[in-house]
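When we follow the numbering used here, the leftmost residue of the sequence shown carries the number 170, and every step to the right adds one. Beta carbons are placed, not taken as given, at the ideal position from N, Cα and C, and that holds for glycine. Accompanying notes for the structure given below.
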Amino acid sequence: MALFGNASTVDPGKAAQDFARLLGQGEQVQAAYQLVRDVIMFTDRRLILVDKQGITGKKVEYHSVPYRSITHFAVETAGTFDLDAELKLWISGTQMPITKTFTKGVDIYEVQAILTQYVAR
Numbered sequence: 170m171a172l173f174g175n176a177s178t179v180d181p182g183k184a185a186q187d188f189a190r191l192l193g194q195g196e197q198v199q200a201a202y203q204l205v206r207d208v209i210m211f212t213d214r215r216l217i218l219v220d221k222q223g224i225t226g227k228k229v230e231y232h233s234v235p236y237r238s239i240t241h242f243a244v245e246t247a248g249t250f251d252l253d254a255e256l257k258l259w260i261s262g263t264q265m266p267i268t269k270t271f272t273k274g275v276d277i278y279e280v281q282a283i284l285t286q287y288v289a290r
């Protein structure tokens, strides 16, 4: 399903190993999701969005979003005919949300719980 632009679950340990250079000392990956070539990681300190660009994907942009910058978020569960769930994040200073689509196999409630744990501090 990743070819259709939907996220799937990635082992947090593998994500931490693959992106160790991005993590601060003692920073732990709580959950990670793959979106075709891009990756979304929830750590105990921030949200990391890995955006591979171009045809080859050699050029990569890394977005680090501290949880305190997330003003609010919304999750939309999968339905009977719409098999995908969505996560929308509003970042302070921006009008449009960051939107990520997850397959029905991903527990969107788990994603919401992770965000609640860190955003609602």
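In this structure, does DSSP put residue i in helix, strand or coil?
{"i": "Ile277", "result": "helix"}
{"i": "Ser177", "result": "strand"}
{"i": "Ala289", "result": "coil"}
{"i": "Arg214", "result": "coil"}
{"i": "Lys227", "result": "coil"}
{"i": "Leu192", "result": "coil"}
{"i": "Gln199", "result": "strand"}
{"i": "Ala254", "result": "strand"}
{"i": "Ala171", "result": "Since pLDDT at Ala171 reaches only 41, below the 50 mark, its modelled position is unreliable, and no value is offered."}
{"i": "Gln186", "result": "helix"}
Mind reading off the beta-carbon distance from residue i to residue j? Whole number of angstroms is fine, and I expect it under 8 angstroms.
{"i": "Leu192", "j": "Thr178", "result": "Contact flag wrong, Cβ pair sits at about 19 angstroms."}
{"i": "Glu279", "j": "Ala201", "result": "About 12 angstroms separates the two Cβ atoms, so there is no contact after all."}
{"i": "Lys227", "j": "Asp207", "result": "Rounded, the Cβ-Cβ distance is 14 angstroms, inconsistent with contact."}
{"i": "Leu204", "j": "Lys269", "result": "7 angstroms"}
Buried or exposed: residue i, going by 16 or more other Cβ atoms within 10 Å of its Cβ?
{"i": "Met210", "result": "buried"}
{"i": "Ile239", "result": "buried"}
{"i": "Ala184", "result": "buried"}
Excluding the five sequence neighbours on either side, which residues of its own chain have a C-beta within less than 7 angstroms of the C-beta of residue i, listed in chain order?
{"i": "Pro181", "result": "Val198, Gln199, Ala200 and Ala201"}
{"i": "Gly262", "result": "none"}
{"i": "Thr246", "result": "Ala254 and Ile277"}
Please go through the same chain and pick out, in chain order, the residues whose beta-carbon is closer than 6 angstroms to the beta-carbon of residue i, but skip the five residues on each side of it.
{"i": "Gly274", "result": "none"}
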